[in-house]
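Asks: Before I ask anything, let me first share the structure, which is written out below as structure tokens.
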């Protein structure tokens, strides 16, 4: 009895701690600045869309959203293609070779991206790839190869070997085995990996900050930083920016939560 | 089964990209750490281990290291305990539990820049929800300058890091709890074991592998933290929230000591490798399967 009550109490407390700040941000975004100053915590007396209108008019908000979407979409897609091929290849190698090759790629997981920021910055500048979304995409894809190969190989190793063998005996080549057997069977695994990578790339600050600076190339996290510079003391404006940048992710999560969660399970076993 | 040569072509694009934009930069980073390069001048000198010596004497670097430990210990303790408690309550697959698990997960998918701004707002000394709530509850003494107080700031940021990832750890613990065979728990209940006994004698030992994952994942996550500190405090006030990653970033891009920053990166890499190695050991000996 008491344990049950304590359990519900725990959930209630954490619902407030975890969701409270988010709801507060949402409600603040519908306040005008004077309304916020008179009553910072209260519910907005009337729904004011003023902040949203200002942001979408004055800022290049659509540009930032599309930059983020382009970089994230293309990085995740390219990542799945090249790491998917590697992961499939690893499962088709002999035992010893596959361990060595897997180790070679998984080794990169030991190297945190902060370690590479200086050489990457210099290399990209030397190549003239700086301030370009494709340069950012290339670097992002390379950085995530270890994690994606790790996750996808883990998934693909669970595929029953007999299926591949049967298809191979029927005369299917590697290309058909990959595209017509491995990929369709692994579709939910690819979705989980994609969701996991999506969060990482969409939210990344470090590499965009290093590699792009032109105001037409900013991604959402960078745009938010610049936006804070403008509205440093105007919380309703700033938090409207935060809401706009966050809502697409939350919507996506609501629809695809299964994949986000299973991606976490697979990715966390080795973060 | 026969393997055609085509298989090697599958490795080609990924391997080239990985070698060129990952392995090669990692090696050049190691090389720069032995030079006095500022990242701008056309020429630089090879200075041997000078940067490493400088680093070991650098007060800010030492401070960053200690702060990183404080940050990590706080995050690991808070995140592990709270997520374990929540997971024990939310392990059953009822509709409410599944929904709450998802709700608690939401902060994990929000960008850390946004999370940083949200909490800078909550922590604001005069307009922030936290201090206003203490005032309303008649406890104005608890109000703080959360991010401006030198002794407090690192823990204020660590609490946010934990806040952001608790939902993720709940998921890992729930998976661990669900992997425990039901019969074990039921027979213990039939034998008259109390809840506490069942937890300490049966669940906890079986949960150890899940806990090992959570602890090591959290440790690495908090060592790699950057965005939150960068957006919330930028390492201040007076380096009281400086951690290794912000140190590396600012030595390179604010102070233009690429050589020193590279040496910092190498030290950071060694630290992370040791942690990762230990983690692999722990995980291997426990042999977890979900």
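Chains as they are written, first to last, in the numbering used here: chain Y, 948 to 1218; chain H, 244 to 533. We put the beta carbon where it would ideally sit given N, CA and C, even for glycine. Given the structure is predicted, the values throughout are model-derived calculations rather than measurements.
I need the DSSP call for residue 278 of chain H, collapsed to helix, strand or coil.
Replies: strand
Asks: Is the shortest distance between the beta-carbon of residue 1062 of chain Y and the beta-carbons of chain H less than 8 angstroms?
Replies: Among the residues facing chain H, residue 1062 of chain Y is included, as its CB has a counterpart in that chain under 8 angstroms away.
Asks: State the start and end residues of the unbroken alpha helix (DSSP H) segment that holds residue 500 of chain H.
Replies: Counting along the chain, residue 500 of chain H falls outside any alpha helix (DSSP H), and DSSP gives it neither H nor E.
Asks: Residue 289 of chain H bridges to which residues according to DSSP?
Replies: H:278
Asks: For residue 1031 of chain Y, report the span of its alpha helix (DSSP H) as first-last.
Replies: Where residue 1031 of chain Y is concerned, the enclosing alpha helix (DSSP H) stretches over 1008-1039.
Asks: If contact means a Cβ-Cβ distance below 8 angstroms, which residues of the region 406-440 of chain H contact chain Y?
Replies: 406, 409, 410, 411, 414, 415, 418, 438
Asks: Tell me the DSSP secondary structure of residue 987 of chain Y in three-state form.
Replies: coil
Asks: Assign residue 323 of chain H to one of three DSSP states: helix, strand, or coil.
Replies: Looking at residue 323 of chain H - three-state DSSP - the assignment turns out to be helix.
Asks: Do the region 984-1002 of chain Y and the region 1194-1206 of chain Y make contact, defined as three or more Cβ pairs closer than 8 angstroms?
Replies: No: the two stretches stay apart, fewer than three of their Cβ pairs being nearer than 8 angstroms.
Asks: Helix, strand or coil for residue 957 of chain Y? Go by DSSP, reduced to three states.
Replies: helix
Asks: Residues of the region 1029-1046 of chain Y with a CB closer than 7 angstroms to any CB of chain H: list them in chain order, please.
Replies: If the cut-off is 7 angstroms between Cβ atoms, the region 1029-1046 of chain Y has 1029, 1030, 1032, 1033, 1035, 1036, 1039 near chain H.
Asks: Go ahead and pull the three-state DSSP assignment for residue 389 of chain H.
Replies: coil
Asks: Smallest Cα separation from residue 510 of chain H: which of Y:1117, Y:1195, Y:1054, Y:1059?
Replies: Y:1059
Asks: Could you tell me how far apart the beta carbons of residue 1099 of chain Y and residue 1046 of chain Y are, in whole angstroms, since I believe they sit closer than 8 angstroms?
Replies: Contact flag wrong, Cβ pair sits at about 16 angstroms.
Asks: Which residue comes first and which comes last in the alpha helix (DSSP H) that contains residue 356 of chain H?
Replies: Residue 356 of chain H -> alpha helix (DSSP H) spans 355-366.
Asks: Under 7 angstroms between beta-carbons, which chain H residues line up against residue 1182 of chain Y? List them in chain order, please.
Replies: 364, 370
Asks: Looking at the C-beta of residue 1171 of chain Y, does it have a partner C-beta in chain H at a distance below 8 angstroms?
Replies: Proximity of residue 1171 of chain Y to chain H, defined by a Cβ-Cβ separation below 8 angstroms, is satisfied.
Asks: Beta carbon of residue 1212 of chain Y, beta carbon of residue 418 of chain H: below 8 angstroms?
Replies: yes
Asks: For my contact list, residue 401 of chain H and residue 490 of chain H are in at a C-beta cut-off of 8 angstroms; report their separation, rounded to the angstrom.
Replies: Rounded, the Cβ-Cβ distance is 17 angstroms, inconsistent with contact.
Asks: Answer yes or no: do residue 347 of chain H and residue 436 of chain H have a C-beta to C-beta separation smaller than 8 angstroms?
Replies: no
Asks: Out of Y:1089, Y:1138, Y:1017, Y:1011, which has the shortest C-alpha to C-alpha gap to residue 266 of chain H?
Replies: Y:1089
Asks: Is the shortest distance between the beta-carbon of residue 335 of chain H and the beta-carbons of chain Y less than 8 angstroms?
Replies: no
Asks: Rounded to the nearest angstrom, what separates residue 275 of chain H and residue 1071 of chain Y at their Cα positions?
Replies: When rounded, the distance between both Cα atoms is 16 angstroms.
Asks: Could you have a look at residue 1146 of chain Y and say whether DSSP puts it in helix, strand or coil?
Replies: helix
Asks: By a C-beta neighbour count over all protein chains shown, 10 Å radius and 16 as the cutoff for buried, is residue 1185 of chain Y buried or exposed?
Replies: buried
Asks: Identify the contact partners of residue 504 of chain H in chain Y, using a Cβ-Cβ distance below 7 angstroms as the criterion.
Replies: 1065
Asks: Please classify residue 381 of chain H: does DSSP put it in a helix, a strand, or coil?
Replies: Coil at residue 381 of chain H, not helix or strand.
Asks: Given that residue 356 of chain H touches chain B, what residues does it touch there, using C-beta distances under 7 angstroms?
Replies: The chain inventory of the structure shown lacks chain B, comprising the protein chains Y and H.
Asks: At what residue ranges does the region 414-453 of chain H contain a whole run of the alpha helix (DSSP H), taking only runs of 4 or more?
Replies: The region 414-453 of chain H contains these whole alpha helix (DSSP H) runs: 425-433.
Asks: Please check if any C-beta of chain H sits within less than 8 angstroms of the C-beta of residue 950 of chain Y.
Replies: yes
Asks: Beta-carbon of residue 1175 of chain Y versus every beta-carbon of chain H: anything under 8 angstroms?
Replies: yes
Asks: Does chain Y have any CB closer than 8 angstroms to the CB of residue 456 of chain H?
Replies: yes
Asks: Just checking, does the region 452-466 of chain H make contact with the region 507-522 of chain H on the three C-beta pairs under 8 angstroms criterion?
Replies: yes
Asks: Helix or strand or just coil, what does DSSP make of residue 1078 of chain Y?
Replies: coil
Asks: Find the nearest neighbour of residue 1166 of chain Y within the set H:354, H:297, H:416, H:499, judged by alpha-carbon distance.
Replies: H:354
Asks: Using only the alpha-carbon positions, how far apart do residue 1195 of chain Y and residue 1064 of chain Y sit?
Replies: 28 angstroms
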